[in-house]
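> Just so you know, the numbering used here puts 1227 at position 169 of the sequence shown, and the rest follows in order with no gaps.
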Amino acid sequence: MGALGRLMAQENTASDLLAYLVELDPIPLAEVLSLPAGEYTALREARAGGRRSRLDLLVCRVGTAEPVAILELKGASGEHGDQLERYAEWAANLAEAPRLMYCTLDGGTTGAPPAPWQPLSLIDLFGAWQSSAHPHAAWLAGEMTSLLQQWDRQADGLIGSATGWYIPDLITRRIAAALGDEAEALRTKAGNPMLLAYRRHPGHNDAWLGVDLRCEGRDRPERPWLFRPYIEVSFNDPTPQAQTTARHLAVDLHHAMTLDTIQRVVKNSAVLTANKHGGLMGFRDFAPVFYHDKQVRLATQFKLDVCYVDRHQVADMIRAVMDHLDSVAAELHA
């Protein structure tokens, strides 16, 4: 990744670049935000209440301290805790409520921000300066917009060919959006993008089945991702009883979760590989041993060769596996 890519990959430096564009020419900012005619300035890291609340970009009319817009820029990460709610509460107490803009590469297409925040595409935001009368602003905006457009295209191409730092996050978010209410884009404890697809178990009200998809790191885009069909019971309350129930349900389904079976239900089956146990950790006393989280999310684990699939194909694979597990579980508990 080049120097500009490193700057754009970090929210703080991307916000600094945006503030610099405003310094060079504030007119495009007013146009892209649909602000009334006038002169505007932008402040970085302005405090909004407590010490934890620092705004990425605060837009004010020149000569006044009252903000007319607040911009929150997001690249790889999502919302930090309740920051959007805190910022909105602070803004609501101002004399005149400013526009609240949540700026991402997808511009709200992979999930709308909570009201009163409005989505804005980073491509549209930085692209507004491409027609600037200031030559330096127009050139810099052109370079940044071109890079963002390249990342946008790569997120829809072969996963293993992507070069942008936060493209794995875009991929998991777009897969989650394609799966609708049955998936959520998350992060692993190590901070890598992951996706959790889920569906209620047809034979147990407190159980879920699905697929856990994990990126193994951003430094080598060709590195295989983990593809883990799973059974889960009470993940947020992993009691001994929940662990026992999860184990019983997973053992019942383990033949449906191994590599040979999964390969029969998905297209692009050759991109999935497993260890000598077919995706299980092994066997103990002839019983299957699963990969697990908290002993209540029990999974088989495969390597997904991302050099030959795009996000659309992976979404189709996840749907096929969930349909398969759902069908087998329904038969077992009929």
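Ideal placement from N, C-alpha and C gives every residue a C-beta, glycine not left out.
Computed from a predicted model, the values in this text were never measured in an experiment.
Distance, Cα to Cα, I1289 vs G1238?
So the two alpha carbons sit approximately 20 Å from each other.
> Which same chain residues end up closer than 7 Å to D1310 when comparing Cβ atoms and leaving out the 5 residues on each side of it in sequence?
Correct list, in chain order: L1390.
> Go ahead and label G1222 buried or exposed: buried means 16 or more other beta carbons lie within 10 angstroms of its beta carbon, across all protein chains shown.
Its Cβ being crowded by 16 or more others within 10 Å, G1222 is buried.
> Hey, would you say W1283 sits closer than 8 Å to R1276, going by beta carbons?
No; because the gap between Cβ atoms is not below 8 Å, this pair is not in contact.
> Shorter than 7 Å, the distance from the beta carbon of R1119 to the closest heavy atom of the ligand COA, or not?
The model depicted lacks the ligand COA and carries no ligand whatsoever.
> Pair every Cβ in the segment 1297 to 1306 with every Cβ in the segment 1344 to 1360, then say whether three or more of these pairs are closer than 8 Å.
The segment 1297 to 1306, when compared against the segment 1344 to 1360, does touch it at the 8 Å Cβ threshold.
> Quick check on DSSP: helix, strand or coil for E1280?
In this structure, E1280 counts as coil in the three-state DSSP scheme.
> Which first and last residues belong to the alpha helix (DSSP H) in which A1308 is found?
Note, A1308: alpha helix (DSSP H), 1298 to 1315.
> For L1356, which option in I1376, L1338, L1362 has the closest C-alpha, if you only look at C-alpha atoms?
Answer by Cα proximity: L1338.
> Comparing C-alpha positions only, which one of L1075, E1124, G1268, D1270 sits nearest to F1184?
Minimum Cα distance to F1184 is reached at L1075.
> Using 10 angstroms around the beta-carbon of S1190, count the other beta-carbons present and answer buried if the total reaches 16, otherwise exposed.
So S1190 ends up on the buried side.
> Quick one: what's V1269 bridged to in DSSP?
In the DSSP output, where bridge partners are listed per residue, V1269 has A1255, P1287.
> From this set, Q1371, M1066, L1129, M1315, which residue's C-alpha is nearest A1199's C-alpha?
Of the listed residues, the one whose Cα sits closest to A1199 is M1066.
> Flag this pair as touching only if the segment 1202 to 1212 and the segment 1088 to 1107 have three or more C-beta atom pairs under 8 Å; answer yes or no.
These segments do not touch.
> Should K1132 go down as buried or exposed, given a rule of 16 or more other Cβ atoms within 10 Å for buried?
Buried is the call here.
> Check the DSSP bridge columns for D1114 and list the partner residues they point to.
D1114 pairs with nothing; no bridge assigned.
> Taking P1072 as the reference, which of M1202, A1149, L1082, A1104 has the closest Cα?
Checking the sequence shown, residue 1072 turns out to be Ala, not Pro. Minimum Cα distance to A1072 is reached at M1202.
> Please state the DSSP three-state secondary structure of V1126.
V1126 falls in the strand class under three-state DSSP.
> Residues in the same chain with beta-carbon distance under 7 Å from D1374, minus the five sequence neighbours each way, listed in chain order, please.
So the qualifying residues of the chain are K1325.
> The alpha helix (DSSP H) with T1230 in it runs from where to where?
1225 to 1237 is the span of the alpha helix (DSSP H), which, as asked, contains T1230.
> What is the DSSP secondary structure of V1080, reduced to helix, strand or coil?
V1080: helix per DSSP, three-state reduction.
> Kindly indicate which residue of P1279, W1197, L1267, R1281 has the alpha-carbon position closest to the one of H1312.
Checked all of P1279, W1197, L1267, R1281; the closest Cα to H1312 is L1267.
> Would E1069 count as contacting chain D if we go by Cβ distances under 8 Å?
Reference to chain D is not applicable here, since this structure consists of a single protein chain.
> Give me the Cβ distance between R1232 and T1168, rounded to the nearest whole Å; I'm assuming they're in contact under 8 Å.
Confirmed, Cβ separation roughly 6 Å.
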